[in-house]
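I have placed the structure first, in the form of C-alpha cells, so that the comments after it can refer back to it.
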C-alpha cells in the first residue's frame with residue numbers, strides 16, 4: 004500500500020504562537036527580559052518589576068513610558084506587529100531592543116496576560132487588553148492608569164504542562180529573573196529600577212548620570228568587591244568606543260558569572276568578544292579562573308547585525324577582525340598598566356567590610372578563597388578620579404627615572420652569573436628621592452627585611468607592603484624576555500628535517516591560503532600540497548619540540564573564526580614563562596636591603612607586576628588604619 008504525503012496546511016495561529024514561544028519564552032526570566040526591553044524602548048524613566056513564586060505565578064512590569072493608544076492596543080498582542088521598524092533599511096540599522104513583534108504574542112499564547120496602557124497624561128484614561136493562551140480577537144476595555152504601561156503575566160505555561168514541569172524551584176527561577184533584571188539595570192543608568200519578589204523589595208536603584216552614581220549601582224548589583232578591584236577603561240578609535248570596568252586579575256571568580264558586555268546598550272554573549280577578553284587576560288589570570296567585567300561597546304548600528312537569534316543575545320559584526328583587535332588591544336594595555344602605583348588610603352576606610360554578600364546572596368567566594376592578608380585591601384588602580392595620590396606617584400616615578408637613566412638598561416643587560424644570583428650582586432646604593440619631592444616615598448616604599456626567605460616586608464606612606472619575592476621577580480624576568488623578543492622584530496625560524504603532512508578540511512586549506520602572510524609572520528612555513536593536505540615545513544625555533552599538527556590546527560581555527568591567532572604567541576610565552584620561573588630568585592634566598600629595594604623599583608616600572616606569570620598576586624598592602632584595627636588601637 005502506497006503511503007500518501009500529508010497535505011500542506013497553514014498552522015493554527017495559537018499553535019504558531021506556541022511554537023514561537025518555544026524560541027522566545029524559555030522560563031520566567033525570558034518573559035522578564037522581553038517585557039523590560041519593551042519598557043526601555045518606550046522611553047521609560049522608571050521601571051518596576053514584580054515577581055511572585057519565582058515568576059511562575061506572576062511577572063509584572065510597570066513603566067512610565069509613552070504608552071499605547073486605544074487604537075493600537077489590539078495589535079500589541081498580534082504576531083509580527085511592531086512600531087519599531089517599517090522597512091529593510093530600518094532592520095539593518097535597528098537601534099531599539101525589540102523589533103520582531105513576536106514577544107507579546109508568544110507570551111500571551113502560554114500564559115494569562117493582561118496589558119493596561121495610557122498614552123495620555125490624564126490618569127483617568129487608559130485601556131486594557133486581555134489574552135488567555137488562545138487565539139482570540141483581543142477585546143479592549145477602559146481601565147484608568149497613569150501614563151505608561153503595565154503588563155501582567157500570570158500562570159506561565161498553564162496550558163502547556165510539559166513546559167511547566169521543566170521549571171525549577173522558586174529559588175532557582177528567581178535567580179534567573181534577578182540576573183535578567185541585573186543585566187538590564189546595568190544597561191541603562193538613567194532609568195530608576197525596582198525589583199520585588201513576593202512583595203519584598205530586592206533592588207531599589209535610583210537613576211544617576213555621574214561616575215559615582217554608576218559605581219554605586221554596580222556595587223549594589225555586583226557587590227562592593229567588584230568595584231573596589233576594578234579599573235575603569237575608556238578608549239575610542241576608528242568609530243568604535245569602549246568604556247566600562249574590568250576586574251583586576253587578582254579579583255577573579257571560579258565561574259563566568261560576572262561578565263557583562265553591551266553592544267549599543269544591548270547585552271550580548273558573543274564568541275568573538277569572549278575570545279578577545281580571554282586573550283587579553285591570558286598572561287595574568289590564575290589557571291581555571293574567570294575575569295569579571297562590565298563593558299560597553301558603541302559603534303554604528305549599520306555595522307552590527309542584531310537579527311541573528313530570536314532572543315537577540317547574539318550579534319554579528321560586519322568587520323569582526325577590527326572589533327576583535329580593538330577589544331583585545333584596549334583590555335591588554337589596560338591590564339598591562341595596572342602597576343603598583345596608586346595610594347591605598349582610599350581602601351583603609353573600607354577594609355572592615357570586604358567580605359560582604361554577593362548579589363546572589365552568598366558569601367563572596369573571592370574573599371573566602373584569598374588569604375586574610377590579601378582581604379585587607381590591595382592598593383591598585385581604579386577609575387580615573389578615584390585616587391588623588393596617583394598624580395603624586397606619577398611625578399615621583401618621572402623623577403626617579405630621571406635620576407637613574409641607566410637603571411633599566413642595566414636590568415636588560417645579560418648577566419654572566421646564573422639568573423638566581425642576579426639579586427645577590429652589589430646593586431645601587433639606597434635610592435635618593437627626586438629633587439622636586441624629597442619626602443615622598445615610592446609606591447612600594449622601602450624594604451625593612453625578609454620573612455622566612457620568602458617575603459619582603461616594606462614600608463610605604465600607607466603602611467605595610469608584603470611582596471612574594473619569587474613571584475615578583477618571575478614576572479619581571481618574564482616581561483623583560485618578552486620585550487627583548489619583540490625588539491628582535493620576529494621569531495627565529497627552524498626548518499623541519501622532514502615536513503609534516505596534515506590531512507586538512509577544505510575550509511582549513513582555504514584559510515591557510517588566504518592567511519599566508521599572517522602565518523609567515525609567525526615563523527611558520529605552511530604549503531598547500533593538495534585540496535585536503537597541508538605541509539608544515541618550518542616552525543619558530545623556540546617551538547621546535549611542539550606538536551606541529553596541533554599547533555597549526557588551533558592556529559587555523561582561530562584565524563578562520565576571529566581573523567587573527569594568538570596560538571604561536573601563546574606557545575612562545577608559555578616557554579618564556581617557564582624559563583623565567585627557573586631564572587628567578589628562589590625562595591629561602593637571603594637578599595640585602597639594597598637588593599630588596601632594587602626588586603621593588605623593578606616592580607614599579609614593570610607591566611603586569613601585580614601578578615606572577617601564573618596569575619597569582621605578587622604583593623599586598625595593609626594600611627595603617629587596618630593595622631590599628633588589628634591591634635584595637637584607638638578603640
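Numbering (our numbering), first residue to last: 4 to 638. Where a beta carbon is used, it is the ideal one built from N, C-alpha and C, also for glycine.
Would you kindly report the start and end of the unbroken beta strand (DSSP E) that includes residue 113?
Taken as a continuous stretch (DSSP letters only), residue 113 belongs to no beta strand (DSSP E), as it is neither H nor E.
Taking DSSP as the reference, what is the three-state secondary structure of residue 623?
If DSSP states are grouped into helix, strand and coil, residue 623 belongs with the strands.
Mind checking whether residue 481 and residue 340 have CB atoms under 8 Å apart?
For residue 481 and residue 340, no; Cβs fall outside 8 Å.
Would you mind stating whether residue 221 and residue 196 have Cβ atoms separated by less than 8 Å?
No, the pair does not count as a contact, with Cβ atoms beyond the cut-off.
Judging by CA-CA distance, which residue of 225, 568, 592 and 611 is the nearest neighbour of residue 256?
Per the Cα distances, 225.
Could you check where the beta strand (DSSP E) with residue 458 kicks off and where it finishes?
Residue 458 -> beta strand (DSSP E) spans 458-463.
When you compare the stretch 177-186 with the stretch 152-165, are there three or more beta-carbon pairs, one atom per stretch, that lie closer than 8 Å?
As far as the Cβ criterion goes, the stretch 177-186 does not touch the stretch 152-165, which means the pair count is below three.
Just to confirm, is the Cβ distance from residue 31 to residue 159 under 8 Å?
Yes. Within cutoff.
Out of 271, 559 and 470, which has the shortest C-alpha to C-alpha gap to residue 455?
It is 470 whose Cα lies nearest to the Cα of residue 455.
Which first and last residues belong to the alpha helix (DSSP H) in which residue 144 is found?
Residue 144 -> not in any alpha helix (DSSP H); beta strand (DSSP E) instead, spanning 143-145.
Return the chain-ordered list of same chain residues with a C-beta closer than 7 Å to the C-beta of residue 134, the five sequence neighbours on each side being excluded.
80, 111, 116 and 141.
Does residue 169 come out as helix, strand or coil in the three-state DSSP assignment?
Residue 169: coil per DSSP, three-state reduction.
By Cβ distance, which residues of its chain are closer than 7 Å to residue 322, with the 5 residues on each side in sequence left out?
306, listed in sequence order.
List the DSSP bridge partners of residue 151.
121.
Mind checking whether residue 275 and residue 329 have CB atoms under 8 Å apart?
Against a cut-off of 8 Å, the Cβ pair of residue 329 and residue 275 comes out as no contact.
CA-CA distance, residue 121 and residue 35?
When rounded, the distance between both Cα atoms is 21 Å.
Using the rule of at least 16 other Cβ atoms within 10 Å of the residue's Cβ for burial, across every protein chain shown, is residue 394 buried or exposed?
With a pLDDT of only 40 at residue 394, under the threshold of 50, the placement of this residue in the model should not be trusted; the figure read from the coordinates follows. By the neighbour-count rule (16 or more Cβ atoms within 10 Å), residue 394 is not buried but exposed.
Is it true that the CB of residue 466 sits closer than 8 Å to the CB of residue 625?
Yes.
Rounded to whole angstroms, what's the CA-CA distance from residue 622 to residue 473? Just pull it up for me.
Taking the straight line from one Cα to the other gives about 11 Å.
Return the first residue and the last residue of the beta strand (DSSP E) that residue 265 is part of.
Element bounds for residue 265: 262-266.
Counting along the chain, where does the beta strand (DSSP E) carrying residue 69 start and finish?
From DSSP, residue 69 is part of no beta strand (DSSP E); its letter is neither H nor E.
Measure the alpha-carbon distance for residue 304 versus residue 37 and round it to whole angstroms.
Approximately 21 Å, taken between the alpha carbons.
Determine the direct distance from the alpha carbon of residue 146 to that of residue 618, and round the result to whole angstroms.
So the alpha carbons of these two residues sit roughly 60 Å apart.
For residue 506, which of helix, strand or coil comes out of DSSP?
Three-state DSSP puts residue 506 in a strand.
Tell me where the alpha helix (DSSP H) around residue 565 begins and ends.
Unbroken alpha helix (DSSP H) run through residue 565: 551-565.
Measuring straight from C-alpha to C-alpha, what distance separates residue 183 and residue 246?
The straight-line gap from Cα to Cα measures roughly 21 Å.
Kindly list the residues whose CB is nearer than 7 Å to the CB of residue 193, restricted to its own chain and excluding five residues on each side of it in sequence; keep chain order.
Excluding sequence neighbours, residue 193 sits near 210 and 212.
Have a look at residue 620 and residue 292 and give me their C-alpha separation to the nearest angstrom.
So the alpha carbons of these two residues sit roughly 13 Å apart.
Cα-Cα, which of 309, 461 and 123 is closest to residue 601?
Of 309, 461 and 123, the residue nearest in Cα terms is 461.
Name the DSSP bridge partner or partners of residue 293?
According to DSSP, which records beta bridges pairwise, residue 293 is partnered with 256.
With distances taken from CA atoms, which of 206, 512, 509 and 603 is nearest residue 477?
Comparing Cα positions, the closest option is 603.
Can you round the beta-carbon distance between residue 596 and residue 552 to whole angstroms, since I take them to be within the 8 Å contact cut?
Residue 596 to residue 552, Cβ: 52 Å. No contact.
Rounding to the nearest angstrom, what Cα-Cα distance links residue 87 and residue 45 in this structure?
Unreliable placement is indicated for residue 87, whose pLDDT of 47 sits below 50; the coordinate value is still reported in the next sentence. If I take the Cα positions, the gap works out to 10 Å.
On a CA-only basis, which of 113, 534 and 528 is nearest residue 543? Give me that one, please.
Measuring from the Cα of residue 543, the nearest candidate turns out to be 528.
Please report the residue range of the beta strand (DSSP E) in which residue 531 lies.
First-last of the beta strand (DSSP E) with residue 531: 528-533.
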